[in-house]
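*Asks:*
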Amino acid sequence: MAALLEVKDLQVSVADREILHGLTLTVNEGEVHAIMGPNGSGKSTLSHVIAGKPGYEVTGGQILFKGEDLLEMEPNERAAKGVFLAFQYPVEIPGVATMNFLRTALNAQRKARGEDELSTPDFLKRVREVSGSLGIPQEMLKRGVNVGFSGGEKKRNEVLQMALFQPSLCILDEMDSGLDIDALRIASEGVNALRAPNRSMVVITHYQRLLDYIVPDVVHVMSKGKVVRSGGKELALELEANGYAQYQEAAA
Amino acid sequence: MAAVQETVDRVRQIDVDQYRYGFETLIESEKAPKGLSEDIVRFISAKKNEPDWMLQWRLEAYRRWLTMVEPTWARVDYPKIDFQDLYYYAAPKPKKTVGSLDEIDPEILKTYEKLGIPLREVAILEGVEPRPGEPDTPSRKIAVDAVFDSVSVATTFQAELKKAGVIFMPISEAIKHHPELVQKYLGSVVPTSDNFYATLNSAVFSDGSFVYVPPGVRCPMELSTYFRINERNTGQFERTLIIADKGSYVSYLEGCTAPQRDENQLHAAVVELVAMDDAEIKYSTVQNWYPGNSEGKGGIYNFVTKRGDCRGANSKISWTQVETGSAITWKYPSCILRGDNSRGEFYSIAISNGYQQVDSGTKMIHLGKNTSSRIISKGIAAGKSQNTYRGLVTAHRKATGARNFTACDSLLIGDQCGAHTVPYIEAKNASALFEHEATTSKISEDVLFYCIQRGLSQEEAVGLVVNGFVKDVLQQLPMEFAVEAQKLISISLEGSVG
Ligand SMILES: Nc1ncnc2c1ncn2[C@@H]1O[C@H](COP(=O)(O)OP(=O)(O)OP(=O)(O)O)[C@@H](O)[C@H]1O
Ligand SMILES: [Mg+2]
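Protein sequences appear in the order of chains A and B. One rule links them: number in the numbering used here = place in the first sequence (from 1) + 37. One rule links them: number in the numbering used here = place in the second sequence (from 1) + 6.
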């Protein structure tokens, strides 16, 4: 199986403090990987660096995406090539209607790939399909991006975008936080519907519960800026039972 | 096509600087000799074949101007202007009365075409696809008065307007054909003695638009004037006078651009609005004079006096402005709320980038009973610019039940620019209720990154966030202008980040 994402010995600093100390991770096409680990272990940092958020200094290692050097690409270029990050804390953009935002973003990506813009009817049709299956009311799409959305609605809006943009790498940073039980099921179904042989997912979570819905192929344990153990889906159950104590020491 | 996308395309078509209207039209023009004197005032008046009362009015203003000094209270800084080193009159040659478009210099027609201003009488078709969920916009007619340097070169749809009883013509024509109206209203809102620039304008104004809407008439189309400064070292001093008689309604749009030049150019306009009982005037401006280059060289000095008089009971005047251009903006469109129950509104988007300096705001002067006003100001400062909101809200002794709501929001892009809010509030009547809210925020890196992660470029992201910030004001603009303004906002902020 071809590797979609290869993170090799990645070292990252923020404000002169090293957060990732040589992290290695390979995600093959079509696989779902879960990353678990204690608070502050660097999970969000990893997702931000993959997406290209400014403010992080990569001091060593590399990231390949479809064999290309990801760190050389502008963040919007990465998006157009299929890197999607569902944020742990989605921001609000007042005055920008969600519908307008979705369309602007989708067309920007299509344009970067040399594709035609989607016509208005086609666009509307796609948004309706996707939002319908995620239980997102049309009325919500008229409101400003995430403005006044509940925590759960914000997360659903992330999944909506993922479904709309059809990226080849989806990184979900604590998608389950703030979702009630029904919303978690609906959002997970939305994610599962996107599982495909040419699409990979990296699911960051603290809870086994999410992995009951989105069953991972591989589970990684991150501690203090490194992947300290990888295994099958049963590793998540083990973590749930025993916590991270043993890994904290291993990483130190 | 989404507006943001289109903006970026347009930005790409622009060379070094972002200003897309910076070209010069090479035509012969006739100018008055440089400098200002009584003779020049007489020259301008004679060129326009004005009646004697008009000349006397100008001369009186000129004499008063000689006794006045330039105001210095605004937060703007510029070298002293040598008023003798300017031309006060320039007209495209050959000058003859233009009966139809065929008689206009083709170079001028081309200029307006390039600017996207329709001088042919065609309905303007909305240039963008309807936004999702919104119905198609029907095509609409807009009558245009095109002012090129000191003269009006064409006014469209005059016949159709005449049928409705609406007078829409260059003010130079109105002085000849409707002297009784001009004499009655000219200077009745902004007196010749008002302020240094308004007085200068009164002495040397060359052209501008005149509108009279008779009682009970709802003007059948949007009226607009498009100002273009072309000549070098030439001041533009246009004068606009709009009268909405009892129970009438008119919506008026004003647009302006100028070529890109290294030297600064002076623009000192006066706009007077009069709304009688139950009348309403909606005045919208998209000001896009050349702002100067990225080093702060060149650009228009925009010193403008705009004032509306809600003279009648239940009258309403609303100003909406999108200010993106000019090196220096000094502008306070105001409302005198004289009639009982009258209402004044001011909606403003002022964007400054590069070395631009904006000092703009409004005055709401409550005189009548139960008058109300609303001020929504959105200032956006980027680059090394300075952006000041300056506003005055007063209630006079007899203004029982005066109400004002003011909201001033400033957005900073980068850390080398400044935003300032200077509100003055005076209530001489105890029943006045004035509310004031102000916020200043920096454009959030997290919000920008969110947009960029979804595929937008840095510039598209800034454009989108800023357009969201100003949305409340954009909604006040007529549809055609809103779309244009949205693009303009993104273009103005080109290169403001990173
Ligand atoms: N901008 C920053 N400035 C300083 N320190 C930072 C910054 N961003 C992250 N860090 C630090 O880096 C470490 C890793 O943070 P990160 O958010 O990646 O952890 P996480 O594994 O996602 O935690 P959680 O499970 O709580 O979401 C933390 O100690 C955090 O304080
Ligand atoms: Mg995190």
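Each residue gets a CB set at the ideal place from its N, CA and C atoms; glycine is no exception.
Could you compute how far the alpha carbon of leucine 57 of chain A sits from the alpha carbon of serine 84 of chain A?
*Replies:* Straight-line Cα distance between these residues: approximately 11 Å.
*Asks:* So which of B:Arg403, B:Gln363 and B:His402 has the shortest CA-CA distance to glycine 385 of chain B?
*Replies:* Answer by Cα proximity: B:Gln363.
*Asks:* Give a yes or no on whether the minimum CB-CB distance between alanine 116 of chain A and chain D is below 9 Å.
*Replies:* Chain labels in this structure do not include chain D; the protein chains are A and B.
*Asks:* If I measure Cβ to Cβ from threonine 335 of chain B and keep anything under 6 Å in the same chain, skipping five residues before and after, which residues do I get?
*Replies:* Hits under 6 Å: Asn308, Glu329, Val364 and Ser366.
*Asks:* Counting contacts by CB-CB distance shorter than 9 Å, is alanine 39 of chain A in contact with chain B?
*Replies:* Alanine 39 of chain A does not count as touching chain B.
*Asks:* Would you call the CB atoms of serine 237 of chain A and valine 69 of chain A closer than 9 Å?
*Replies:* In contact: serine 237 of chain A and valine 69 of chain A (Cβ atoms closer than 9 Å).
*Asks:* Please report whether the beta-carbon of glutamine 125 of chain A lies at a distance below 9 Å from any beta-carbon of chain B.
*Replies:* It does not; no Cβ of chain B falls within 9 Å.
*Asks:* Could you tell me which chain A residues have their CB closer than 8 Å to the CB of glycine 461 of chain B, listed as they occur along the chain?
*Replies:* Going along chain A in sequence order, the residues near glycine 461 of chain B (Cβ under 8 Å) are Asn113, Ala116, Ala117, Ala142, Leu143, Ala145, Gln146, Ala149 and Phe202.
*Asks:* Report the residues of the segment 473 to 496 of chain B with a CB closer than 8 Å to any CB of chain A, ordered along the chain.
*Replies:* Listed by position, the residues of the segment 473 to 496 of chain B near chain A (Cβ gap below 8 Å) are Asn473, Gly474, Phe475, Val476, Lys477 and Asp478.
*Asks:* Are there 16 or more other CB atoms within 10 angstroms of the CB of threonine 291 of chain B, so buried, or fewer, so exposed?
*Replies:* The residue in question, threonine 291 of chain B, is buried, as its Cβ has 16 or more Cβ neighbours within 10 Å.
*Asks:* Figure out for me which residue from B:Ile46, B:Glu466 and B:Val489 has the closest Cα to the Cα of phenylalanine 138 of chain A.
*Replies:* Ranking the options by Cα distance to phenylalanine 138 of chain A, first place goes to B:Glu466.
*Asks:* From the DSSP secondary-structure annotation, give me the bridge partner or partners of tyrosine 289 of chain B.
*Replies:* According to DSSP, tyrosine 289 of chain B bridges with B:Tyr258 and B:Trp325.
*Asks:* Would you check whether ligand 2 has a heavy atom nearer than 8 Å to the C-beta of glutamate 176 of chain A?
*Replies:* False, no ligand heavy atom lies under 8 Å from that Cβ.
*Asks:* Cβ-heavy atom distance between glycine 79 of chain A and ligand 1 below 8 Å?
*Replies:* Yes - ligand 1 has a heavy atom lying nearer than 8 Å to the Cβ of glycine 79 of chain A.
*Asks:* Does the beta-carbon of aspartate 15 of chain B have 16 or more other beta-carbons within 10 angstroms, so that it is buried, or is it exposed?
*Replies:* At aspartate 15 of chain B the pLDDT is 41, less than 50, meaning the model places this residue with poor confidence and gives no usable figure here.
*Asks:* So does glutamate 211 of chain A have its beta carbon nearer than 8 Å to some heavy atom of ligand 2?
*Replies:* Under cutoff, so the answer is yes.
*Asks:* Which residues in the same chain have their Cβ closer than 6 Å to the Cβ of glycine 77 of chain A, if we skip the five residues on either side of it in sequence?
*Replies:* Same-chain partners within the cutoff: there are none.
*Asks:* Measuring from the CB of isoleucine 241 of chain A, is there a heavy atom of ligand 2 at a distance below 8 Å?
*Replies:* Yes, the Cβ of isoleucine 241 of chain A comes within 8 Å of a heavy atom of ligand 2.
*Asks:* Quick one: which residues of the segment 444 to 461 of chain B get their C-beta closer than 8 Å to a C-beta of chain A? List them in chain order.
*Replies:* Against chain A - using a Cβ distance shorter than 8 Å - the residues of the segment 444 to 461 of chain B are Ser450, Glu451, Asp452, Val453, Phe455, Tyr456, Cys457, Ile458, Gln459, Arg460 and Gly461.
*Asks:* Is glutamine 125 of chain A near ligand 2, going by C-beta to nearest heavy atom under 8 Å?
*Replies:* Yes, the Cβ of glutamine 125 of chain A comes within 8 Å of a heavy atom of ligand 2.
*Asks:* Using CA atoms only, rank isn't needed, just tell me which of B:Ser379, B:Met175, B:Met60 and B:Thr446 is closest to serine 340 of chain B.
*Replies:* Here the closest residue by C-alpha is B:Ser379.
*Asks:* Establish whether the CB of valine 471 of chain B and some CB of chain A are separated by less than 9 Å.
*Replies:* Valine 471 of chain B counts as touching chain A.
*Asks:* According to DSSP, is threonine 400 of chain B helix, strand or coil?
*Replies:* In this structure, threonine 400 of chain B counts as strand in the three-state DSSP scheme.
*Asks:* Assuming contact is defined by CB atoms lying nearer than 9 Å, are leucine 462 of chain B and alanine 145 of chain A in contact in what I supplied?
*Replies:* It is a contact, given that the beta carbons lie within the stated cut-off.
*Asks:* Is it the case that the Cβ atoms of serine 170 of chain A and alanine 142 of chain A are separated by a distance below 9 Å?
*Replies:* Contact flag unset, no.
*Asks:* Proline 131 of chain A lies in the beta strand (DSSP E); which residues open and close that run?
*Replies:* Its beta strand (DSSP E) spans residues 130 to 134.
*Asks:* Check this for me: beta carbons of threonine 377 of chain B and glycine 424 of chain B, under 9 Å apart or not?
*Replies:* Contact: no.
*Asks:* Of all the CB atoms in chain A, is at least one closer than 9 Å to the CB of glutamate 466 of chain B?
*Replies:* It does: the Cβ of glutamate 466 of chain B has a partner Cβ on chain A nearer than 9 Å.
*Asks:* Considering only C-alpha positions, which residue in the set B:Leu499, B:Phe487 and B:Ser212 is nearest to glycine 230 of chain B?
*Replies:* Inspection of the sequence shows that residue 230 of chain B is occupied by serine rather than by glycine. The residue with the shortest Cα to Cα distance from serine 230 of chain B is B:Phe487.
*Asks:* With H, G and I counted as helix, E and B as strand and the rest as coil, what does DSSP make of leucine 143 of chain A?
*Replies:* Three-state DSSP puts leucine 143 of chain A in a helix.
*Asks:* Assess contact between the segment 58 to 69 of chain B and the segment 195 to 210 of chain B, defined as three or more Cβ pairs (one per stretch) separated by less than 8 Å. Is contact present?
*Replies:* Cβ pair count under 8 Å is three or more, so yes.
*Asks:* Checking 9 Å against the spacing of the C-beta atoms, do lysine 415 of chain B and serine 450 of chain B come in under that value?
*Replies:* In the sequence on display, residue 415 of chain B carries aspartate and not lysine. No, they are not a contact pair.
*Asks:* Could you check what DSSP says for histidine 184 of chain B in three-state terms: helix, strand or coil?
*Replies:* It is coil, neither helix nor strand.
*Asks:* Assuming asparagine 473 of chain B is part of the alpha helix (DSSP H), what are its boundary residues?
*Replies:* Asparagine 473 of chain B -> alpha helix (DSSP H) spans 464 to 475.
*Asks:* Within 9 Å of any Cβ in chain B, is that where the Cβ of glycine 89 of chain A sits?
*Replies:* Yes, glycine 89 of chain A lies at the interface with chain B (some Cβ there is under 9 Å from its Cβ).
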